[in-house]
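These notes concern the structure reproduced below.
There are 4 protein chains.
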Amino acid sequence: MRRTDLALEAREIIEGKEEISGVILEEENKYGNLVKVTKMKIESNHGSQIMGKPKGVYITIESKEERKEPLLKAIVEQIKKIVEDKGIKKILVVGLGNREITPDALGPWVIDQLFVTRHLIKEFGQEFQKKYNIHDISAIAPGVMAQTGIESGEIIGGIIKKLDIDGIIAIDALAARKVQRLYKTIQITDTGISPGAGVGNNRKVLNKENLGVEVIAIGIPTVVDAETIVEDRVESSLLKAGFSQKEVDIFINQMVHGEDRNMFVTGKEVDEKVKNLSEILAEAINISFVKAFTNLS
Amino acid sequence: MRRTDLALEAREIIEGKEEISGVILEEENKYGNLVKVTKMKIESNHGSQIMGKPKGVYITIESKEERKEPLLKAIVEQIKKIVEDKGIKKILVVGLGNREITPDALGPWVIDQLFVTRHLIKEFGQEFQKKYNIHDISAIAPGVMAQTGIESGEIIGGIIKKLDIDGIIAIDALAARKVQRLYKTIQITDTGISPGAGVGNNRKVLNKENLGVEVIAIGIPTVVDAETIVEDRVESSLLKAGFSQKEVDIFINQMVHGEDRNMFVTGKEVDEKVKNLSEILAEAINISFVKAFTNLS
Amino acid sequence: MRRTDLALEAREIIEGKEEISGVILEEENKYGNLVKVTKMKIESNHGSQIMGKPKGVYITIESKEERKEPLLKAIVEQIKKIVEDKGIKKILVVGLGNREITPDALGPWVIDQLFVTRHLIKEFGQEFQKKYNIHDISAIAPGVMAQTGIESGEIIGGIIKKLDIDGIIAIDALAARKVQRLYKTIQITDTGISPGAGVGNNRKVLNKENLGVEVIAIGIPTVVDAETIVEDRVESSLLKAGFSQKEVDIFINQMVHGEDRNMFVTGKEVDEKVKNLSEILAEAINISFVKAFTNLS
Amino acid sequence: MRRTDLALEAREIIEGKEEISGVILEEENKYGNLVKVTKMKIESNHGSQIMGKPKGVYITIESKEERKEPLLKAIVEQIKKIVEDKGIKKILVVGLGNREITPDALGPWVIDQLFVTRHLIKEFGQEFQKKYNIHDISAIAPGVMAQTGIESGEIIGGIIKKLDIDGIIAIDALAARKVQRLYKTIQITDTGISPGAGVGNNRKVLNKENLGVEVIAIGIPTVVDAETIVEDRVESSLLKAGFSQKEVDIFINQMVHGEDRNMFVTGKEVDEKVKNLSEILAEAINISFVKAFTNLS
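Chains as they are written, first to last, in my numbering: chain A, 1 to 297; chain B, 1001 to 1297; chain C, 2001 to 2297; chain D, 3001 to 3297.
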């Protein structure tokens, strides 16, 4: 199986571009055509099965040029909308991943740059909250199981109860199929997330069913399975050379499978990219929920 | 008040060296005289009041030279003893502090280097645990309230219940009175700890009373209040110059109080020192509880 | 001797505020009073001796509030002026210090953020340089002698010849006398600099005499000698208590000298402060010499 | 062209395994079969042309398991031998690459961990050098041209003259063809090196011809060109499927060339791998030249 965490790529894998019943796709170019926002809704079990993704909404934001401002605006717009739609007020932002492994550090690094307010609201009261028109934001980077011995879901579950949280925003690094997608696509979904999925470690899914509160997941691809790079390119080359899809599938199945199966690769510029993306995501979340304080700084 | 987190320094402040009723002090030189271990027991309320520290045991380990091995041995010996005395089996190691501020990063950096076992025991069963004779270890670096909006105690409290923990080892950076003590003294106590105390932010105490399980705190001084440096040196100079203790106290109270009140300073070599100490503490904990695996690596 | 790298503090040490012949002091409040710029000119050998500093110009920029913009403007103004006065065109920016020791890392971290142009001008020619109105900028962080076995002056000397440099801007961390000055004062001087002076290692001075080209040094205090903190506070307290300056001097000379002599301390917030200051200095240098490119980004 | 910095891989590309005249290959398994050392000598111009590599010796060290000790021993043995063969006494170790980009940081990180002696020998004299039987070692991490505006060769050239160096050991990250080779092969050669070649930026070669002194280059692959991953796998799959080499070459030439041409990828574990490798290389150099001091620590 050629693996991807991006619903958009999962869609591309499915033959051609013909309709899949129960999967609705809307595309929109925004901000002077600099950002493309795609909304995919998987509505039926059939669509979910074909796509290999749970039912729900998947929003994909792609920046056409390396320009920060339109991208930031698009992320803020989508975050605010989805959080409003769900009616979430007390938010716990969760930064999944291992901060010591750069391509997996997106989540924790976002947490480091958030402006949290829960303790301030607790101290100064709801009038303070109203005056500045801010959300109740708390945050945690729970670490990964190899570091803590604890599932992220167990840590978060405890906090949700203790703090009476009504929604989670979970940030994580994802795996894409194409090297060119690395660092360039932001996916926002209401279907939750499996911690560590992006880097090959499947954990219990963090979603509404398991945690009892809404889970908005925001992810950006930072790794690619080396195997998928090969398979995708072989496929397009063979199709171009006149082979049928069926022949191609057989060829790929019989292909020499390298030891690089399950080897995830990332770009050589990973340090700078993950740093920049963590800054943009943190800024987007700060603007979305505590705008008054971002203006001050 | 001249502030210190070290019971040993608190003891030194008290006039002279005469007995304080309810405070028992034992000193021992170990490992070829390279390490000095001091055990202070505060047994009475009176002793506690005079010392300004809760009742309990305070073990202080001081390395006379910069030699890793004897120091490591002494720490392992004391950790194993206190954990055995308390009968703790399922341990959550908590790394308090802010990993972005080097002198406050001791706790989180220790966590990064621990060998945790809870998830392995959960997966491979108690026979695995028996075979390798390991403790059930989990770990977390909860972050500080300014980063998370949540008190460390709230995060830990949730985990304790969820995981059925029966004891906590909390690691934190401390404040000393003397620049020369920086990075050189390890304090182990069964009285718990106030997160952030070392760097001037008092939070709810993490102790048995508040958390319902034993709390062993391990701390190392990484900061000094600039004010206490001055006061201590003025005191010793004036005493040497023939003034009485009373006169000295009056002088100090009337002294020009700099704007450096509440300014904590650290040594210029803080990066390397905190890195090294976090390695030693992590190794000591790994040897104490999961020796089989430290041998393997 | 109470040590300082700041000419301004050296001036304060000298008794009272009476005139020192050959030392001229001008103060100016700028940018809506938010920044204080002090220009000290040491013109005579007598002034140089009393001050313990070489003859030349010392500009000190102090920000009254933690506001970036006015500070940045003031630095740019002073750098441009001094470089223009000296008629320097081909500039080598040298980041002195050890990037692994945060309070000593200011210089190397500035280098990391510079926009250099020498290689571009070499490739695209002088028309490119004229079109964008940029200086010819190259940069190096030579490391410290304990890392390289080589004096900074030897490394720089080789480059100056090879590249036909006509002026150096050397960035280094300095030592101040007062904890409150840490991170808050920017000193720009045309008298050169001793690498490592700030952290207690005196090396051969980098100045016009030794290197054959103009040397502009930019420094910011990031460490304080623990001893000077004590001595300064004792002095002001005893003076306030009615002792004469002479009595105070005798007292201080006879004072208990702690083992903290030659212990440099820094603030606990050193990580963030040095990071921010390195960003501001780098931005100031970029704006001063390659403004066209800073606008683009 | 499928690009590699490894002579061993260049050899593999050449059809079959038949003899190439002027290229001599010796393989040896050492240290209980844990390490494989391959020595390739390119002796003729013909061999050099076919291989696409300059004439000279290429030693490749491959560790079969992840065991540090045998690998370290093998590196020390080869470094000592090649340096002795060349009769180099005063050595400048050069850490090429950009320390801010982890897969390119190998060289600078090695420099950070070296024990340099030039300044000590200068201070304590040749008796000191004899007593401890140490080499005269200095070191520099010159940075990359985008950071400094200066070619590495220009910086090094200046230092060589000033310090009367008679040989250079240059450390750099390399590009491999196979993901599985990442971090696992150490290449030592006397043919010099092109700074930045590994990450796609060709600079003037650092070799004996250009610098006037012996240049030993030590490199480890940390990146792979995404394109070569694909081409190699397609080739082996098609050959296995019965196509002829000629047909395969045509197919690959006509293959869909992705936008990932010139995209270098690295493993997701790059942080830890480059850190470990830099420690091993630094330790090997320290043992080779200043053993007395490595024993002390």
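For each residue, glycine too, the CB sits at the ideal point set by N, CA and C.
**Asked** If contact means a Cβ-Cβ distance below 7 Å, which residues of the region 3163 to 3191 of chain D contact chain A?
**Response** Within the region 3163 to 3191 of chain D, the residues whose Cβ lies closer than 7 Å to any Cβ of chain A are, in chain order, Val-3179, Gln-3180.
**Message:** Can you give me the C-alpha to C-alpha distance between A/Gly-267 and A/Leu-182, rounded to a whole angstrom?
**Reply:** Distance between the alpha carbons of A/Gly-267 and A/Leu-182: 7 Å.
**Alpha carbon of B/Ile-1156 to alpha carbon of A/Gly-157, nearest angstrom** = The alpha-carbon atoms of B/Ile-1156 and A/Gly-157 are separated by roughly 12 Å.
**Message:** Please report whether the beta-carbon of B/Ser-1138 lies at a distance below 8 Å from any beta-carbon of chain A.
**Reply:** For B/Ser-1138, the answer is yes, since a Cβ of chain A falls inside 8 Å of its Cβ.
**Prompt:** What residue range is occupied by the uninterrupted beta strand (DSSP E) comprising D/Ser-3063?
**Reply:** Residues 3056 to 3063.
**Message:** I believe A/Leu-34 touches A/Arg-67 by the beta-carbon criterion, under 8 Å. Please report the beta-carbon distance rounded to the nearest angstrom.
**Reply:** For A/Leu-34 against A/Arg-67, the beta-carbon gap comes to about 6 Å, under 8 Å, which counts as contact.
**Message:** Does the contact criterion of 3 or more C-beta pairs under 8 Å hold for the region 3146 to 3153 of chain D versus the region 2116 to 2135 of chain C?
**Reply:** The region 3146 to 3153 of chain D, when compared against the region 2116 to 2135 of chain C, does touch it at the 8 Å Cβ threshold.
**Item:** Per-residue contacts from C/Lys-2161 into chain D (C-beta, under 8 Å)
**Value:** Those are Gly-3158, listed as they occur along chain D.
**Message:** Quick check on the burial criterion: 16 or more other C-beta atoms within 10 angstroms. Buried or exposed for D/Phe-3264?
**Reply:** Counting the other CB atoms within 10 Å of its CB gives D/Phe-3264 a total of 16 or more, which places it among the buried residues.
**Request:** Whole angstroms is fine: what's the gap from A/Ile-171's alpha carbon to A/Ile-285's?
**Result:** Taking the Cα positions, A/Ile-171 is about 11 Å away from A/Ile-285.
**Message:** Are there any heavy atoms of the ligand GTP lying less than 7 Å away from the beta-carbon of A/Tyr-132, as far as the coordinates show?
**Reply:** As presented, the structure is devoid of all ligands, the ligand GTP included, so that no description of it is given.
**Request:** Kindly give me the distance between the Cβ atoms of B/Gly-1192 and B/Ala-1217, rounded to whole angstroms, as I take these residues to be in contact under 8 Å.
**Result:** About 6 Å; that satisfies the 8 Å criterion.
**Message:** Tell me which residue opens and which closes the beta strand (DSSP E) that A/Glu-279 is part of.
**Reply:** No beta strand (DSSP E) contains A/Glu-279, which is instead part of the alpha helix (DSSP H) from 270 to 289.
**Message:** Taking the beta carbon of A/Gly-32 as the centre, do at least 16 other beta carbons fall within 10 Å, making it buried, or is it exposed?
**Reply:** A/Gly-32 comes out exposed.
**Asked** If you count every other CB in all the chains shown that lies within 10 Å of the CB of C/Glu-2235, and 16 or more means buried, which is it?
**Response** Buried: at least 16 other Cβ atoms inside 10 Å.
**Item:** Stretch pair the region 1268 to 1285 of chain B + the region 1102 to 1114 of chain B: three plus CB contacts closer than 8 Å
**Value:** Of all C-beta pairs linking the region 1268 to 1285 of chain B to the region 1102 to 1114 of chain B, three or more are shorter than 8 Å, placing the two stretches in contact.
**Prompt:** Using a Cβ-Cβ distance under 8 Å, would C/Asp-2112 count as near chain D?
**Reply:** It does: the Cβ of C/Asp-2112 has a partner Cβ on chain D nearer than 8 Å.
**Request:** Could you run through the region 2091 to 2108 of chain C and flag, in chain order, every residue whose CB is less than 8 Å away from some CB of chain B?
**Result:** Taking 8 Å as the upper bound on Cβ-Cβ separation, chain B lies near residues Glu-2100, Ile-2101, Thr-2102, Pro-2103, Asp-2104 of the region 2091 to 2108 of chain C.
**Message:** I'd like to know if D/Glu-3154 contacts chain C, where contact means its C-beta is closer than 8 Å to some C-beta of that chain.
**Reply:** Taking 8 Å as the threshold, the shortest C-beta distance from D/Glu-3154 to chain C falls below it.
**Asked** A/Met-40 by DSSP, collapsed to three states: which one?
**Response** Strand.
**Request:** Can you grab the Cα-Cα spacing for the pair C/Gly-2095 / C/Val-2110, in whole Å?
**Result:** Using only the alpha carbons, I get a separation of about 7 Å.
**Asked** Which residues in chain C sit within 9 Å of B/Ala-1241, going by Cβ to Cβ distance?
**Response** Under the 9 Å cutoff, chain C gives Phe-2251, Gln-2254, Met-2255.
**Request:** With A/Glu-26 as the anchor, note down where its beta strand (DSSP E) starts and where it stops.
**Result:** In the DSSP annotation of this structure, the continuous segment of the beta strand (DSSP E) that includes A/Glu-26 starts and ends at 23 to 30.
**Prompt:** Which word fits C/Arg-2011, buried or exposed, when buried means at least 16 other C-beta atoms lie within 10 angstroms of its C-beta?
**Reply:** That one is buried.
**Message:** By the three-class DSSP mapping on this structure, what secondary structure does A/Gly-87 have?
**Reply:** Assignment of A/Gly-87 by DSSP, reduced to helix, strand and coil, places it in the coil class.
**Message:** Given this structure, state the Cα-to-Cα distance separating B/Gly-1167 from B/Lys-1089, to the nearest angstrom.
**Reply:** Their backbone Cα atoms lie some 7 Å apart in a straight line.
**Prompt:** Any beta-carbon of chain A closer than 8 Å to the one on B/Ala-1284?
**Reply:** Chain A has no Cβ within less than 8 Å of the Cβ of B/Ala-1284.
**Prompt:** Out of curiosity, what's the CA-to-CA distance linking D/Phe-3128 and C/Ile-2287?
**Reply:** Here the C-alpha atom of D/Phe-3128 lies approximately 49 Å from the C-alpha atom of C/Ile-2287.
**Request:** Just the chain A side, please: which residues come within less than 9 Å of D/Met-3263 by C-beta, in chain order?
**Result:** For D/Met-3263, the chain A residues whose C-beta falls within less than 9 Å of its own C-beta are Val-179, Gln-180, Leu-182, Gly-267, Lys-268, listed in chain order.
**Message:** By DSSP's criteria, B/Gly-1219 is part of a beta bridge. Which residues make up the other side?
**Reply:** As DSSP reads the structure, B/Gly-1219 sits in a beta bridge with B/Asp-1172, B/Gln-1187.
**Request:** Output yes or no for whether 8 Å exceeds the beta carbon distance between B/Lys-1162 and A/Glu-154.
**Result:** Yes, these two residues count as a Cβ contact at 8 Å.
**Request:** Determine which residues of the region 3116 to 3127 of chain D have a Cβ less than 7 Å from any Cβ of chain C, and write them out in chain order.
**Result:** Along the region 3116 to 3127 of chain D, going in chain order, the ones with a CB nearer than 7 Å to a CB of chain C are Val-3116, Thr-3117, Arg-3118, His-3119.
**Item:** Where B/Gly-1157 sits in the DSSP three-state scheme
**Value:** In the structure shown, B/Gly-1157 sits in a helix (DSSP, three-state: H, G or I).
**Rounded Cβ spacing between A/Ile-14 and A/Ile-188 (contact assumed at less than 8 Å)** = Not confirmed; about 21 Å, so no contact.
**Request:** Can you have a look at B/Glu-1062 and say buried or exposed, based on whether 16 or more other CB atoms are within 10 angstroms of its CB?
**Result:** So B/Glu-1062 counts as buried.
**Prompt:** If you measure from the beta carbon of C/Gly-2143 to each beta carbon in chain D, is any gap under 8 Å?
**Reply:** Closer than 8 Å: yes.
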